Amino acid sequence: MSSNKFVLTLNDLQEKDAAFLETIFSIANGHFGVRANNPILNTDNFDTLVNGFYEKSKIHYGESAYGYAQFNQTIVNITNLRYIRITNTDGIDFNKSELISMQLNMKTGKLLEKYHLTNSLNEAIEMTVESCISQHNRNWYCISYGFSGINYHGKLTISKTVSFDTTERILDSNDPRKSNISYPLSVYGERKSYNSYSCILATKQSNLTIPFTLRTANKQDQLINMTVDISDEPTIPYIIGIGDISKTGDVETMPKHSLSEITDDAKHFWNNVWLNSEVTINGAPHLNTALLFNIFQLNQSAGKDGKTSLAAKGLSGTGYEGHYFWDTETYALPYFAYSSPKIARRILKYRYSTLPQAKKRAAELGVKSGALFAWRTINGEEASAFFPAGTAQYHIDADIAYAVDLYCKSSGDFDFIQKYGFQIILETARFWAEFGNWNKDKFEFWSVTGPDEYTALVNNNYYTNRMAKHNLALVKKYADKLVKRSDVSLDDYGTNKDEIKKLYEISKAVYLPFDKEKEINAQDDSFLSKPLWPFDEVPKDNYPLLLHYHPLTIYRYQVAKQADAILAEYLFPDEISSEQLNREYDYYNAVTTHDSSLSKSIFGIIASRLGKPSVAFEAFQESAFSDLLNKHGNTEDGLHIANLGGSWLSIASGFSGLKLYDDKVSFENHVPEQIKGFTYRITYKNSLLEITLNHDFSKVKLLNDIPAKIELCGNDVVLDKNEPEINVDKV
C-alpha cells in the first residue's frame, strides 16, 4: 500500500486481469474517457468514450406493441488513443509486453505506467507511459512515452497512429448489463501533416459529429516513423483533442495546449475537488484510498456541460450502453450537491433539457398531462426494450424531483428553481396526478415496478407511492416560495393556485401500504403474500438471479434484488419509529439478494441509524471496495458509478448521520469500532464545513466566513467567523 492515500498502485489490487485494470486505471473528465489498455496492442477494443456521443438503431421485437421503445442508443467507442508502434532498426516490432507497474495519482490526475517490451529476437526495452486529461478545458488529453534499454541499445522507430471503428461488430453476450454491439463511424475531412492528423468523426444514424486531432507535443517530432536513439532515453509526448459534439469546426483552430498546461489544469481541478470533499479515515488506510478512488472516479464521470449527465458506468466502460438511469440523481447527485454544487446543477439541467421528450413519452403511455422521464437514455428518449423493469419504473420522475429539492436545500440556489427546477417538479407531479387512481378516499398507483427489479408490475409499490407523495407535495412548497417573489407569477409556469391545491390534496391522499401483522411498510400490495424464494436450495453460482432464471420465475417469489422499501426509509428518515425501522430492516434484509451494487450502501446506512455499527461497517466495506475487488464480477465493463456515490453516502448519511432540512443540516455520531474515526468536508449553502467524528467527540468546523445553521448530536448552533466550530463529547 502506498504511503500516500491519494495514490492507487497495481500492488493495491488483487486482480490483474487486463480488462479489469483498463477500467480501474481509466481517466476521464466528464466529456470523454480513456481506458488504460495496453499501448502496444492495437486491438478491436477502441477504448475512448465520449459522453453523449452515441449511435442509434432500430429495436427489433419478435412481438412488438404500441408504445414500445423504438431505438437503441449505444455509446460509441471511437478509437484507441494510447496505441503506439515501436520497431528496431530492422523493422521488427516490439510487440510483446509485460506490465511492471501502474500508479494513479488522484491529487494530480496523472497515470504512470511501466512496461517491459520484447520482440521476436528477445531484444528488450523498458517503456514508461505518463498520461493526463485536461479538466477545465475538457477537449485535451496528453500521453508521453519514455524508452530505455534493457538488452537492446540501438535505434527505435516510433509511429503514433489512430484507427477508427468503421465496421459494425456484434459482441457475443447474454448479459443484459453489457453492450452487445459496436457501431461503425464515418470519417471525413482528414488532414495530415508532418506532426499532426485531424478529421471529423460522424455517426451514421444519430447524426452526431465530433472533431478529432492528434499531434506531437514538439513540433519538430514526426508523427509517423520518427527515429530515436534509445541510448538517449528519449521521451516522446503527444497531445490529442476531442471536440464538442455536433460542432464541426476546423479542428486546426482549436487551442494548441502544451503538456504543462494540460497537467497544470488537471492538478488545479483536483486540488479544488479535495479542498471541498477530502475524506480521512483514521486507522484504515486501504479503505481510505478506496473511498478516495470512488470520489475521484465520480468527478471524472460526471457531465459538466448541462447537456450530458452521468452514465451508469461513467466513461470507464460500455456497460449499460452508456445510458443514464435514476442512479445518477439518487446515489451520485447528493455527493455533488454537497461538494460541487455547480456540477449538481448541470446534471439536473440536463434533465430539464429532456422535458419535451418526457412529455411526449407520458402521452404515448396514455397519460394526458405531465412528463415521464426515460428509464434509460442518452438523448432523453426511452431506450429500454424491457418495459416491466424499465419504463414501468415510473419512480424515476419522483427521484429526479427529490434530487431537485435536495439540491435546492443544500445549495440555496433558488435561481435554479425559478429557471428549471419548478418546471421539473410541476410536470412530474402532473404525471402522478393523471397516472394514479382514486380508490374511495385513497390515491393509488397500479402496475408499477419499484427499485426491486425482481418484483415487477405490482400495485402500490411503497417506494413509488412514497416518492410520488413527496413529488406532489413539492409543487406547493415551491409554488409558495415563488409567489412570495413579486417578479414571479404562477402564470409564467402555466399553472395556477387551483392546480397547486389539487396536487397538494392528492399528495395527502396517496396510499402507503402497511402490513398490520408484521407491523412494517409493505413493499407492495402482493409482495408479503408471495412464497419466499428458496434461498437454501439455490447455489451461490446462480446469483445474480437475473442471469440464471426467467423473470417470470423470479416474479412469483418474495425476493428482492436490492433496497426498495428500505430505500424510501433512508430518503425520509424521520417518518417511522426506530422500532418499526428495525423490524423492516430485519425483514427486508432477509429476503434481499443484494444482486445490485446499489443495495449494500443503503442497508448499511439504515444499520448505522439503528445502532448496528459493525453491520454498517461491513456494508460500507462491501460498497467501498465493490470495484477495486470486483465484487460483482463485471468491473471489466466499467465502474459501478452509482455505488461509488453510495460509498460516500455511507460515510455522510451513515456514519455521520447527515440529514438535510429546509433550514439546517444535521449530524450524529455513528462511528463503528473498526475505525478510529474520520474527517470529511461538505459545502452547505456556500459554507464549507469540516466534520470530525471519533469515539470520544464530534466536531463541526466552519472553514470559511459564510455562517451555517447546523445541528450536531442534538445541539443546534449557528457557526460563523466568531464561533466557527462546535465540539460535543460522545457519551
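Add 21 to a position in the sequence shown, counting from 1, and you land on the number used in my numbering. Glycine residues also receive a C-beta, built at the ideal position from the N, C-alpha and C atoms. Source: prediction; values computed, not measured.
Report the option in 659, 639, 641, 638 whose CA atom is closest to the CA atom of residue 648.
If we check each option's Cα against that of residue 648, 659 comes out closest.
Is it a yes or a no for the region 354-363 touching the region 371-385, going by three-plus beta-carbon pairs under 8 Å?
The region 354-363 is not in contact with the region 371-385.
Do the CB positions of residue 475 and residue 588 come within less than 8 Å of each other?
The answer is no: Cβ separation not under 8 Å.
Count the C-beta pairs between the region 674-694 and the region 338-348 that are closer than 8 Å, then say yes if the count reaches three, no if not.
Because the criterion of three Cβ pairs below 8 Å is not met, the region 674-694 and the region 338-348 do not touch.
By the 10 Å Cβ neighbour count, where 16 or more other Cβ atoms means buried, how is residue 611 classified, buried or exposed?
Result: exposed.
Whole angstroms is fine: what's the gap from residue 4's alpha carbon to residue 236's?
No answer is possible for residue 4: it lies beyond the span of the chain, which begins at 22 and ends at 752.
Among 453, 153, 415, 297, nearest to residue 389 - alpha-carbon criterion
Taking only the C-alpha atoms, the option nearest residue 389 is 453.
Under 8 Å, do residue 127 and residue 314 count as touching if we go by C-beta distance?
A contact, by the Cβ cut-off of 8 Å.
Residue span of the beta strand (DSSP E) that contains residue 123, given as start and end
Per DSSP, the unbroken beta strand (DSSP E) holding residue 123 starts and ends at 117-126.
Considering only their Cβ atoms, is the gap separating residue 114 from residue 143 smaller than 8 Å?
Against a cut-off of 8 Å, the Cβ pair of residue 114 and residue 143 comes out as no contact.
With distances taken from CA atoms, which of 307, 437, 338 is nearest residue 364?
Out of 307, 437, 338, 437 has the C-alpha closest to the C-alpha of residue 364.
8 Å contact criterion, which residue 283 and residue 163 should meet: CB distance rounded
About 5 Å; that satisfies the 8 Å criterion.
Can you list, in chain order, the residues of its chain whose CB lies under 6 Å from that of residue 391, leaving out five sequence neighbours each side?
383, 448, 451, 452, 455.
Is it buried or exposed for residue 215, if we count other Cβ within 10 angstroms and need 16 for buried?
That one is exposed.
Counting pairs of Cβ atoms below 8 Å between the region 667-676 and the region 416-433, do you hit three or more?
Touching, no.
Distance, Cα to Cα, residue 679 vs residue 63?
Taking C-alpha positions only, residue 679 is separated from residue 63 by approximately 48 Å.
Scan the region 628-695 and note each continuous alpha helix (DSSP H) run of 4 residues or more that stays entirely inside, going in chain order.
Here the runs fully enclosed are 634-645, 662-670.
From 226, 218, 222, 223, pick the residue whose C-alpha is nearest to that of residue 244; which is it?
Cα-wise, what sits closest to residue 244 is 218.
Report yes or no: do three or more beta-carbon pairs, one from the region 292-301 and one from the region 312-331, lie closer than 8 Å?
Cβ pair count under 8 Å is three or more, so yes.
The region 490-505 in contact with the region 550-566 per 3-pair CB rule at 8 Å
Flag = no, the region 490-505 and the region 550-566 do not touch.
The region 618-628 / the region 503-514 touching (three or more Cβ pairs under 8 Å)
With a cut-off of 8 Å, the region 503-514 and the region 618-628 do not count as touching, because too few Cβ pairs lie within range.
May I ask you to verify whether the region 250-264 touches the region 158-175, counting CB pairs closer than 8 Å and requiring at least 3?
The region 250-264 makes contact with the region 158-175, as at least three CB pairs between them are under 8 Å.
Do the region 539-547 and the region 466-486 touch if we need at least three Cβ pairs shorter than 8 Å?
Yes, the region 539-547 is in contact with the region 466-486.
Skipping 5 residues on each side, what residues in its chain have a beta carbon closer than 8 Å to that of residue 746?
Counting only Cβ-Cβ distances below 8 Å, and skipping sequence neighbours, we find 720, 721, 722, 723, 740.
Residue 594 versus residue 681: straight-line alpha-carbon distance, rounded
Take the alpha-carbon of residue 594 and the one of residue 681: they are about 10 Å apart.
Excluding five sequence neighbours on each side, which residues of the same chain lie with their C-beta closer than 7 Å to the C-beta of residue 516?
Excluding sequence neighbours, residue 516 sits near 447.
So within the region 365-450, which uninterrupted alpha helix (DSSP H) runs reach at least 4 residues, ignoring any that extend past its ends?
If we require 4 residues or more, the alpha helix (DSSP H) runs fully inside the region 365-450 come out as 376-385, 416-432.
In the DSSP assignment, find the unbroken beta strand (DSSP E) run with residue 137 in it and report its ends.
Counting along the chain, the beta strand (DSSP E) containing residue 137 begins and ends at 131-139.
Can you find a CB in chain D that lies within less than 8 Å of the CB of residue 308?
Given the protein chain composition of this structure (a single chain), no chain D is represented.
Could you give the uninterrupted runs of the beta strand (DSSP E) lying entirely in the region 54-98, keeping only those of 3 residues or more?
Fully enclosed beta strand (DSSP E) runs of 3 or longer: 69-79, 92-98.
Which value, in whole angstroms, describes the spacing of the CA atoms of residue 607 and residue 279?
If you take the alpha carbons of residue 607 and residue 279, they lie about 57 Å apart.
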